[in-house]
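Undergrad: Chains G and D, in that order, are what the protein sequence lines are.
First residue of the first sequence: 162, per our numbering; consecutive thereafter.
First residue of the second sequence: 162, per our numbering; consecutive thereafter.
Even for Gly, the Cβ is constructed at its ideal location relative to N, Cα and C.
As the structure is a computational prediction, the values presented were derived from the model and not from experiment.
There are 2 protein chains.
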Amino acid sequence: MTENVRERTAAADEVRAEGRTVAALAGLLADATRAAFCLALLDGRAWTANELARHAGVAASTATAHLNTLTEGGLLAEERQGRHRYVRLAGPEAAELVEHLAALAPRQHTPAPRTLSATTRRSAMARARTCYDHLAGLLGVTITEAMAERGLLDWERGPALTPAGVDWLGALGITLPPGSKRPAVRPCLDFTERRPHLAGTVGAAICRHAFEAGWIVRIGTTRAVSLTPEGRQALASRLDLRHHAILAP
Amino acid sequence: MTENVRERTAAADEVRAEGRTVAALAGLLADATRAAFCLALLDGRAWTANELARHAGVAASTATAHLNTLTEGGLLAEERQGRHRYVRLAGPEAAELVEHLAALAPRQHTPAPRTLSATTRRSAMARARTCYDHLAGLLGVTITEAMAERGLLDWERGPALTPAGVDWLGALGITLPPGSKRPAVRPCLDFTERRPHLAGTVGAAICRHAFEAGWIVRIGTTRAVSLTPEGRQALASRLDLRHHAILAP
DNA sequence: TCGATACTTCGGCCGGCGTCGAAGTGTCCG
DNA sequence: CGGACACTTCGACGCCGGCCGAAGTATCGA
Chain G
162 MTENVRERTA AADEVRAEGR TVAALAGLLA DATRAAFCLA LLDGRAWTAN
212 ELARHAGVAA STATAHLNTL TEGGLLAEER QGRHRYVRLA GPEAAELVEH
262 LAALAPRQHT PAPRTLSATT RRSAMARART CYDHLAGLLG VTITEAMAER
312 GLLDWERGPA LTPAGVDWLG ALGITLPPGS KRPAVRPCLD FTERRPHLAG
362 TVGAAICRHA FEAGWIVRIG TTRAVSLTPE GRQALASRLD LRHHAILAP
Chain D
162 MTENVRERTA AADEVRAEGR TVAALAGLLA DATRAAFCLA LLDGRAWTAN
212 ELARHAGVAA STATAHLNTL TEGGLLAEER QGRHRYVRLA GPEAAELVEH
262 LAALAPRQHT PAPRTLSATT RRSAMARART CYDHLAGLLG VTITEAMAER
312 GLLDWERGPA LTPAGVDWLG ALGITLPPGS KRPAVRPCLD FTERRPHLAG
362 TVGAAICRHA FEAGWIVRIG TTRAVSLTPE GRQALASRLD LRHHAILAP
């Protein structure tokens with residue numbers, strides 16, 4: 162009735178409006194199926210609608226509806242090719258949001274896989290995998306920690322690349338893009354290791370280089386990757402790794 | 162029927178289980194009221210249930226239910242004092258998640274405030290406010306960019322504190338905690354300025370120091386803060402700011 | 001001891017959303 | 001040209017969850 166009351170409700174409306182935009186974004190990931198889609202897409206590649214449907218165990222029509230929701234919400238980008246609908250995460254920000262949620266979500270019990278293939282699949286993922294555009298798993302944290310030990314990374318005042326780190330990347334043929342808005346170095350909590358691995362433009366560049374130089378290859382169509390003999394050799398020489406677990410076949 | 166099919170559905174169950182944990186976390190923020198609560202709590206302080214209820218414009222009983230949900234989900238920590246229920250964000254990780262969502266949520270139209278008090282409230286927030294445990298608004302980005310210009314921060318290879326930055330903090334009586342898991346320096350996208358301001362342990366330390374040294378004081382019970390004459394003086398001398406907008410009364 | 005205040009519990013209402021299968025459209029390939 | 005395949009649209013079903021007000025409990029202050 163009075164100005165006071167009217168003003169109070171106007172303020173509340175404003176508060177709720179802000180809340181609604183955040184809630185809308187969170188709502189995109191507040192469904193088990195949509196979250197499963199995004200976790201799968203965290204491998205950084207494009208999937209077809211059917212692949213995602215089978216992956217998450219839902220009908221194709223259900224997948225269609227969810228993909229519409231996710232793309233309209235701006236979390237996914239899509240590309241149509243013939244009768245296929247390819248979708249991928251819209252960009253690094255979207256991937257970071259999914260990572261963030263996954264890292265904070267309570268650790269699940271994982272009641273010990275019962276089949277042999279499930280066991281090997283899981284151990285391959287824990288050993289080495291991609292996390293959107295950078296490396297994760299034992300491989301990811303090993304590289305990260307080896308870089309820190311060799312003085313290529315500074316975690317105390319950073320995270321940041323040291324001058325030695327810039328040289329080390331240069332020797333691989335990787336140069337830093339100047340004035341990028343995205344942080345060069347960003348910590349990303351590893352699911353399986355529970356220690357941070359390297360993300361940001363540098364993490365992405367190292368991952369890209371590892372693929373291009375044949376250090377790693379994908380295992381089938383999963384997020385898991387396999388370290389090649391060339392990769393072992395390169396890690397051992399470039400990071401002074403000796404008798405490290407990641408070097409075992 | 163066959164082992165193949167059984168294995169495939171087992172894998173889908175596993176996928177859905179992972180999806181469900183992420184969805185549960187996202188679901189906490191997928192409601193306009195709960196999101197509004199968390200955005201309010203982003204000021205880093207503890208609010209009572211009633212304050213939040215009035216802030217978001219819902220009944221007290223509704224607020225109770227939401228606070229139960231949020232605390233059980235691990236996003237909020239609560240403290241009971243007599244007949245009051247104080248809640249705050251559970252920690253830096255929770256605050257970062259809320260920040261992340263808020264930064265990525267589509268910019269809202271904000272149809273020009275109609276009342277005088279709404280206008281002044283908004284401009285005070287845009288000028289200087291806290292963002293969980295660090296400074297935001299024009300003040301936050303001004304400090305951040307001035308530090309970068311003076312060579313105290315390195316955005317190219319970092320973000321990271323330079324040796325000069327360590328000295329500068331030392332002159333304020335701030336020392337870096339060694340071997341912290343939390344990054345010393347982290348960029349946090351500013352709502353109003355759309356440029357990053359400084360977060361991480363260093364951002365928090367600077368904010369704490371600004372309060373303790375009387376550089377800033379809170380405006381009422383909002384997130385907004387006001388720069389004191391001592392604060393103006395300190396910024397001008399310590400960061401070489403001359404005729405900068407933030408120094409105007 | 002009594003009233004005021006802060007929060008909680010309960011019951012009931014209602015809307016929204018995720019799910020599916022069946023039928024429809026578009027694309028590829030033989 | 002016709003069959004196979006990928007995706008989409010539609011309708012129906014069911015359930016979950018947010019909202020409120022009223023009544024109940026706990027705490028504070030006089």
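Compare the C-beta of T163 (chain D) with all C-beta atoms of chain G and state if any pair is closer than 8 Å.
TA: Confidence at T163 (chain D) is low in this model, with a pLDDT of 32, below 50, so its placement is unreliable and no value can be given for it.
Undergrad: List, in order along the chain, the chain D residues whose C-beta lies closer than 8 Å to that of L258 (chain G)?
TA: Near L258 (chain G) (Cβ distances below 8 Å), the residues of chain D are H261, L262, L265.
Undergrad: Could you tell me the alpha carbon to alpha carbon distance between E168 (chain G) and T280 (chain D), rounded to whole angstroms?
TA: Note that E168 (chain G) scores 41 on pLDDT, short of 50, meaning its location in the model is unreliable; the coordinates nonetheless yield the value given after this. Taking the straight line from one Cα to the other gives about 12 Å.
Undergrad: Whole angstroms is fine: what's the gap from E125 (chain G)'s alpha carbon to A395 (chain G)'s?
TA: Outside the shown range of chain G (162 to 410) lies residue 125 (chain G), about which nothing can therefore be said.
Undergrad: For the pair the segment 300–310 of chain D and the segment 329–338 of chain G, tell me if three or more CB-CB distances fall below 8 Å.
TA: With a cut-off of 8 Å, the segment 329–338 of chain G and the segment 300–310 of chain D do not count as touching, because too few Cβ pairs lie within range.
Undergrad: Could you tell me the distance, in whole angstroms, from the CA atom of H295 (chain D) to the CA atom of D192 (chain D)?
TA: Roughly 26 Å between the two C-alpha positions.
Undergrad: Let me know the secondary structure DSSP gives A289 (chain G) once reduced to three states.
TA: Reduced to three states, the DSSP call for A289 (chain G) is coil.
Undergrad: Within this structure, are the beta carbons of A406 (chain G) and L299 (chain G) separated by less than 8 Å?
TA: Cβ distance < 8 Å, so A406 (chain G) and L299 (chain G) count as in contact.
Undergrad: Which of the three DSSP states, helix, strand or coil, is assigned to A220 (chain D)?
TA: Correct three-state label for A220 (chain D): coil.
Undergrad: Relative to chain G, which residues along the segment 294–322 of chain D have a C-beta separation below 9 Å, given in chain order?
TA: For the segment 294–322 of chain D, which is checked against every Cβ of chain G, the residues closer than 9 Å are D315, W316, E317, R318, G319, P320, A321, L322.
Undergrad: Which runs of the alpha helix (DSSP H) spanning at least 4 residues fall entirely within the segment 194–267 of chain G, listed in chain order?
TA: Listed in chain order, the complete alpha helix (DSSP H) runs (minimum 4 residues) inside the segment 194–267 of chain G are 210–217, 221–233, 253–265.
Undergrad: Residues in the segment 181–198 of chain D with C-beta within 9 Å of chain G's C-beta atoms, listed in sequence order?
TA: Result list: R181, T182, V183, A184, A185, L186, A187, G188, L189, L190, A191, D192, A193, T194, R195, A196, A197, F198.
Undergrad: From which residue to which residue does the beta strand (DSSP E) around L296 (chain G) run?
TA: Residues 295–297.
Undergrad: For S387 (chain G), tell me which candidate among G:D401, G:A285, G:L228 has the shortest Cα-Cα distance.
TA: Of G:D401, G:A285, G:L228, the residue nearest in Cα terms is G:A285.
Undergrad: Identify the contact partners of A409 (chain G) in chain D, using a Cβ-Cβ distance below 8 Å as the criterion.
TA: Going along chain D, no residue has its Cβ under 8 Å from A409 (chain G), so there is no contact; the nearest lies around 27 Å.
Undergrad: Can you pull the chain D neighbours of R177 (chain G), defined as C-beta to C-beta under 7 Å?
TA: Those within 7 Å of R177 (chain G) in chain D are A193, A197, A217, G218.
Undergrad: For I377 (chain D), which beta-bridge partners are listed by DSSP?
TA: Its beta-bridge partners are D:L388.
Undergrad: Candidates D:L314, D:L203, D:G252: which alpha carbon is nearest F352 (chain D)'s?
TA: Comparing Cα positions, the closest option is D:L203.
Undergrad: Tell me which same chain residues have a C-beta within less than 8 Å of the C-beta of L322 (chain D), skipping the five on either side of it?
TA: Once the five neighbours on either side are set aside, the close Cβ partners of L322 (chain D) are L313, L314, D315, L330, L337, A345, V346, V363.
Undergrad: Might you give, ordered along the chain, the residues of its own chain that have their beta carbon closer than 6 Å to the beta carbon of V219 (chain G), omitting 5 neighbours on each side?
TA: Hits under 6 Å: T194.
Undergrad: Go ahead and label T223 (chain D) buried or exposed: buried means 16 or more other beta carbons lie within 10 angstroms of its beta carbon, across all protein chains shown.
TA: T223 (chain D) should be labelled exposed.
Undergrad: Under 7 Å from any heavy atom of the ligand ATP, does the C-beta of S398 (chain G) make it?
TA: Absence of the ligand ATP is noted for the structure shown, with no ligands found whatsoever.
Undergrad: Using 8 Å as the limit for Cβ to Cβ distance, is P339 (chain D) near chain G?
TA: At least one chain G Cβ lies under 8 Å of P339 (chain D).
Undergrad: Please report the distance separating the alpha-carbon of E240 (chain G) from that of P320 (chain G).
TA: Each residue's Cα considered, the two are about 35 Å apart.
Undergrad: Which of the residues in the segment 198–213 of chain G, read from start to end, lie with their CB under 7 Å from any CB of chain D?
TA: Per Cβ criterion, the list reads L200.
Undergrad: Helix, strand or coil for L402 (chain D)? Go by DSSP, reduced to three states.
TA: It is coil, neither helix nor strand.
Undergrad: According to the neighbour-count rule (16 or more other Cβ atoms, all chains shown, within 10 Å of its Cβ), is A332 (chain G) buried or exposed?
TA: Per the 10 Å Cβ criterion, exposed.
Undergrad: By the 7 Å beta-carbon criterion, what residues does the segment 341–362 of chain G contribute toward chain D?
TA: Correct list: P344, A345, V346, P348.
Undergrad: Going by the beta-carbon positions, is the gap between L200 (chain D) and E179 (chain G) smaller than 8 Å?
TA: Against a cut-off of 8 Å, the Cβ pair of E179 (chain G) and L200 (chain D) comes out as a contact.
Undergrad: Along chain G, which residues have their Cβ under 8 Å away from the Cβ of V327 (chain D)?
TA: In chain order: R318.
Undergrad: So with CB distances below 7 Å, who are the chain D contacts of E254 (chain G)?
TA: The answer, in chain order, is L265.
Undergrad: Under 6 Å Cβ to Cβ from A197 (chain D), same chain only, skipping five residues before and after it: list those, please.
TA: For A197 (chain D), where only same-chain residues beyond five positions count, the Cβ hits under 6 Å are A217.
Undergrad: Hey, A289 (chain D) and A226 (chain D): beta-carbon distance below 8 Å or not?
TA: Not closer than 8 Å, so no.
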